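To start, the structure under review is shown below, and the notes come after it.
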Amino acid sequence: MHSQHANFYLALAASRQPGESAAWLEQLEDDHDNLIAALRWATRSDPRLGAQLSAELFLFWLLRAHISEARQSLDDLLARLAADEPARATTLLNTGAFAYVAGEFDAAQQRLDQGLALSRSVDDRVATIRGLFYKGVLDSARNQLESAQQSLEEALRLSLEIDNLQLEGEVLHQLGMVATISGNLDEAGSLLQRSLDVRRRAGRKDEAGMTLVFLAAVSFVRGEAPAAHAFIREALEIGLSLRDRRSAWSLDVLACISAAGGHSERALRLAGAASAMFDATGQRPPEQWHQFTSAFLNPAREQLGGDLAQHEWETGRTLAFEEALGYALKSELEPMGAPS
1289 MHSQHANFYL ALAASRQPGE SAAWLEQLED DHDNLIAALR WATRSDPRLG
1339 AQLSAELFLF WLLRAHISEA RQSLDDLLAR LAADEPARAT TLLNTGAFAY
1389 VAGEFDAAQQ RLDQGLALSR SVDDRVATIR GLFYKGVLDS ARNQLESAQQ
1439 SLEEALRLSL EIDNLQLEGE VLHQLGMVAT ISGNLDEAGS LLQRSLDVRR
1489 RAGRKDEAGM TLVFLAAVSF VRGEAPAAHA FIREALEIGL SLRDRRSAWS
1539 LDVLACISAA GGHSERALRL AGAASAMFDA TGQRPPEQWH QFTSAFLNPA
1589 REQLGGDLAQ HEWETGRTLA FEEALGYALK SELEPMGAPS
């Protein structure tokens, strides 16, 4: 009976179809308690099945920011999986990915190195690509850009070899991030646009929210305001439809755009909402991100003065998820008044 229950929820977790992420996420949210009960049973009684189920839950955990739950569940699985179990590779990689999201870079490095080595040893090409991708993400955050570039180029080559558009789109996105950090904005824009195009071609436009966020950021820095606004609106719309807690990044980018346009009150309210969302979901952006946003938000604080700036920030922090994104989208759709 327990096995049938676990296999039923494995099939549910694995049922996501391209372009239908919103419905899939809502179904898993509705069945959250049952899914976790099935995972706990499988972890104790059938760790291989547990590893399969946890792998299918990865995106749900990430988008809905069940970070602590994911990390505990994956750690419990690792304690049960045999050292030479092939499914252990993906479990290690996912553990490393969530450690990165939580800002624990050393723990992430350890798990990713272990997972990538095991992926290669069992010739799991999809896991190897994911390991290289996560390594590229981590190295980017640590400003180790040459290492990140090498890992991501290998991941892209392997993705093309196995004709996996989903992985190709993810890797192109991160290559665009490396170019962004390097200051090569033309290359960054090109790579991010390629990532977006690949996802659209694969029918996975609803998975492109973060790519749209950084296309908006790159366009903003290049002085291309209409493109920046178009990209950030689309990112916010996708984030709201999926209830994707990574939308904090969208709020931060729109805050910077608003600050640069002289709309300081709006900027600080949006930034406060982003800050609260990051805190509530256990996401820890790298220092590079704080440096980027501070360049626009600090002048906005100075322009408003301490009390008003703090009021707008704290007001933003009180907004619930739907309220925050609704406020952001409303601010995008309404004509901006005179700068504050």
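To convert, take the position in the sequence shown, counting from 1, and add 1288; that gives our numbering. Positions of the beta carbon are idealized from the N, C-alpha and C atoms, including for glycine. On a predicted model such as this, the values are computed, not experimentally measured, just so you know.
Please classify residue i as buried or exposed, where buried requires at least 16 neighbouring CB atoms within 10 angstroms.
i: N1586; result: exposed
i: H1290; result: exposed
i: G1604; result: buried
i: L1448; result: exposed
i: Q1579; result: exposed
i: D1412; result: buried
i: A1311; result: exposed
i: A1299; result: exposed
i: S1606; result: For clarity, residue 1606 is Thr in the given sequence; the question names Ser instead. Looking at its Cβ environment, which holds fewer than 16 other Cβ atoms inside 10 Å, T1606 is exposed.
i: S1546; result: buried
i: S1507; result: buried
i: R1399; result: buried
Between residue i and the rest of its own chain, which residues show a CB-CB distance below 8 angstroms, the 5 nearest in sequence each way excluded?
i: L1362; result: S1342, T1379, N1382, T1383 and F1386
i: R1336; result: L1369, E1373 and A1375
i: E1602; result: G1560
i: A1339; result: L1365, L1369, E1373, A1375, R1376, T1378 and T1379
Helix, strand or coil for residue i per DSSP?
i: T1606; result: coil
i: P1306; result: coil
i: G1511; result: coil
i: I1450; result: coil
i: A1562; result: helix
i: A1543; result: helix
i: Q1437; result: helix
i: V1410; result: coil
i: H1578; result: helix
i: N1586; result: helix
i: D1427; result: helix
i: H1599; result: helix
i: G1570; result: coil
i: P1335; result: helix
i: L1381; result: helix
Excluding the 5 residues flanking residue i on each side, which residues of the same chain have their C-beta closer than 6 angstroms to its C-beta?
i: F1346; result: N1382
i: A1548; result: F1584
i: R1492; result: P1306
i: L1316; result: F1348
i: R1521; result: E1620
i: G1625; result: Annotation note: pLDDT 48 at G1625 (below 50); position unreliable, no value reported.
i: F1566; result: A1536
i: V1466; result: S1428, L1433, A1436 and Q1437
Residues in the same chain with beta-carbon distance under 7 angstroms from residue i, minus the five sequence neighbours each way, listed in chain order, please.
i: A1371; result: none
i: S1309; result: D1494, E1495 and L1530
i: S1552; result: A1588, Q1591, L1592 and S1628
At least one CB of chain B closer than 9 angstroms to the CB of residue i: is that the case?
i: E1344; result: Considering every chain present, this structure includes no chain B. It has just one protein chain.
**OP:** Report yes or no: do three or more beta-carbon pairs, one from the stretch 1472-1480 and one from the stretch 1438-1453, lie closer than 8 angstroms?
**Re:** no
Original post:
Taking contact to mean at least 3 C-beta pairs separated by less than 8 angstroms, is the stretch 1327-1345 in contact with the stretch 1504-1513?
Top reply: no
Original post:
Does the pairing of the stretch 1402-1414 with the stretch 1429-1438 give three or more beta-carbon distances under 8 angstroms?
Top reply: no
Original post:
Counting pairs of beta carbons, one from the stretch 1437-1446 and one from the stretch 1417-1425, are three or more of them closer than 8 angstroms?
Top reply: yes
Subject >> Three or more C-beta pairs below 8 angstroms linking the stretch 1481-1495 and the stretch 1459-1473 >> reply: In this structure the stretch 1481-1495 lies against the stretch 1459-1473, because at least three pairs of beta carbons, one per stretch, are closer than 8 angstroms.
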